[in-house]
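Going by this note's numbering, the letters in the sequence shown line up with residues -10 to 246, in that order. By construction, the Cβ of each residue, glycine as well, lies at the ideal position given by its N, Cα and C atoms. Source: prediction; values computed, not measured.
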Amino acid sequence: MVSGFQAFVDMIFNPVFGWLLDVPSLLAIVFLASLLALISTLLQKYLTDQAKMKRLRDDTKKYQEQMKRLREDPEKLLKVQQKVMPIQMELMKESFKPLLVTLVPFLLVFFWLSSHFAYFPIEPNTPFTVSATFEEGVGGVAVLGGASVLTIDSPERNVKDGAASWVVKGPAGEHYLNLTFAGATFERKVLITDERAYLQPQMPLSGTVKSFDVGNKKLTPLGDGFSLFGWHPGWIFYYILLSIPLSLLLKKLLKVV
């Protein structure tokens, strides 16, 4: 049902992490944040020369203390800075080893999370909103069409205050929607499913029509009742909130520099 790159990522991760789609989203994020933090910490421990990194860190700290004392002596301060630079470069080079190993796999995991935990799916035969935004001052009639199995309430809409919206529903499947305005037609897909999956709701455009969006509801792991000054955080907020202290704790427990 889902094509392209998203299908490729699902093929890799659904057999391993698919069970997380059946548990509360917050628990899934806690699990993945813990797992990735553990993997990252273990790779840092075993892919880097820990003794060398400790020595480099100690040397850096020693020179930084000297630099604080030499603020009033620019000539000596410059000499110390010249000693620090190659040490920091060597430290950075050593630190990049685990990053090179984890970068692509972790990015794929984040894409998988974004594809399943950012929004709720559109369920079969449940009304959802399709909207379009237009350039300021633009008026006229926008027409929404789509697959014959989709029910669209009043396909023609007058553009008002730079926007138009429709209510649509239909059976499970991946369906096409098309928006016609001022002689131009724009096409996009919508995924209707019982599974925790969706296509990217926002579709930015350029020109008179600025966007062509599907109204998937945003998934908030702690529910709509929790907000930070009116903001309802999504999965990435909780992932970052958990992964930073978890990484620090694991580094301390595993004695990773």
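(Q) So, at 7 Å on beta carbons, what are the nonlocal neighbours of P63 in its own chain, with the 5 sequence-adjacent residues on each side left out? (A) Result list for P63: empty, nothing under 7 Å.
Q | Residues bridged to V148 [DSSP beta-bridge criterion] | A | Answer is none; V148 lacks a bridge partner.
Q. Which stretch, first to last residue, makes up the beta strand (DSSP E) that contains R44?
A. Here R44 belongs to no beta strand (DSSP E); instead the alpha helix (DSSP H) covers Q39 to R58.
Q. Is DSSP giving A186 helix, strand or coil here?
A. It is coil, neither helix nor strand.
Q: Report the residue from D213, L188, L208 and V93 whose alpha carbon sits nearest the alpha carbon of F201.
A: For the residues D213, L188, L208 and V93, the minimum Cα distance to F201 belongs to L188.
Q. Would you report the Cα separation of L211 and S14, rounded to the nearest angstrom?
A. For L211 and S14, the distance between alpha carbons rounds to 9 Å.
Q) Where does L67 fall in DSSP's three states? A) Residue state, collapsed to three classes: helix.
(Q) DSSP three-state label for E124, please. (A) E124 falls in the coil class under three-state DSSP.
Q.
Classify M(-10): buried if its beta carbon has 16 or more other beta carbons within 10 angstroms, exposed otherwise.
A. Confidence at M(-10) is low in this model, with a pLDDT of 45, below 50, so the placement of that residue should be treated as unreliable; the coordinate-derived value is given next. Answer is exposed; the Cβ neighbour count stays below 16.
Q | Helix, strand or coil at H284 according to DSSP, with G and I counted as helix | A | The structure shown does not extend to residue 284, since the chain is modelled only from -10 to 246, so the question has no answer here.
Q.
I need the DSSP call for M(-10), collapsed to helix, strand or coil.
A. Unreliable placement is indicated for M(-10), whose pLDDT of 45 sits below 50; no coordinate value is reported for it.
Q) Near L67, what residues of its chain come up, given a Cβ to Cβ distance below 8 Å and the 5 sequence neighbours on each side ignored? A) Cβ contact annotation for L67 (same chain, cutoff 8 Å, sequence separation greater than five): none.
Q: Answer yes or no: do A131 and F170 have a C-beta to C-beta separation smaller than 8 Å?
A: Yes, they are a contact pair.
(Q) Output needed for Q191: all residues of its chain with C-beta closer than 8 Å, excluding positions within five of it in sequence on either side, in chain order. (A) Taken in chain order, the residues that qualify are S200 and D202.
Q: Could you tell me if the beta carbon of M74 falls within a distance shorter than 7 Å of some heavy atom in the ligand HEM?
A: As presented, the structure is devoid of all ligands, the ligand HEM included, so that no description of it is given.
Q) Leaving out five residues before and five after M42 in sequence, what residues of the same chain have Cβ atoms less than 6 Å from its Cβ? A) Once the five neighbours on either side are set aside, the close Cβ partners of M42 are E83 and V246.
Q) My guess is that K34 and L243 are in contact by the Cβ rule of under 8 Å, so how many angstroms apart are they, rounded? A) That pair is a contact at about 6 Å.
Q) Between I279 and the rest of its own chain, which residues show a CB-CB distance below 8 Å, the 5 nearest in sequence each way excluded? A) As shown, the chain starts at -10 and ends at 246. That puts residue 279 outside it, with no answer to give.
Q) Alpha carbon to alpha carbon, how far is Q70 from L32? A) Rounded to whole angstroms, Q70 to L32 spans 31 Å at the Cα level.
Q) Whole beta strand (DSSP E) runs in the region 208 to 244 with 3 or more residues, listed along the chain? A) Taking only runs of at least 3 residues, no beta strand (DSSP E) segment lies wholly in the region 208 to 244.
Q. Any idea if I181 is buried or exposed, counting beta-carbon neighbours within 10 angstroms, 16 or more meaning buried?
A. Counting the other Cβ atoms within 10 Å of the Cβ of I181 gives 16 or more, which makes it buried.
Q.
By the DSSP assignment, the beta strand (DSSP E) with S200 in it spans what residues?
A. Segment V198 to V203, the beta strand (DSSP E) holding S200.
Q) Is the beta carbon of R146 less than 8 Å from the beta carbon of A153? A) Going by C-beta atoms, R146 is nearer than 8 Å to A153.
(Q) I need the straight-line Cα distance from I76 to L16, nearest angstrom please. (A) Cα-Cα distance, rounded: 41 Å.
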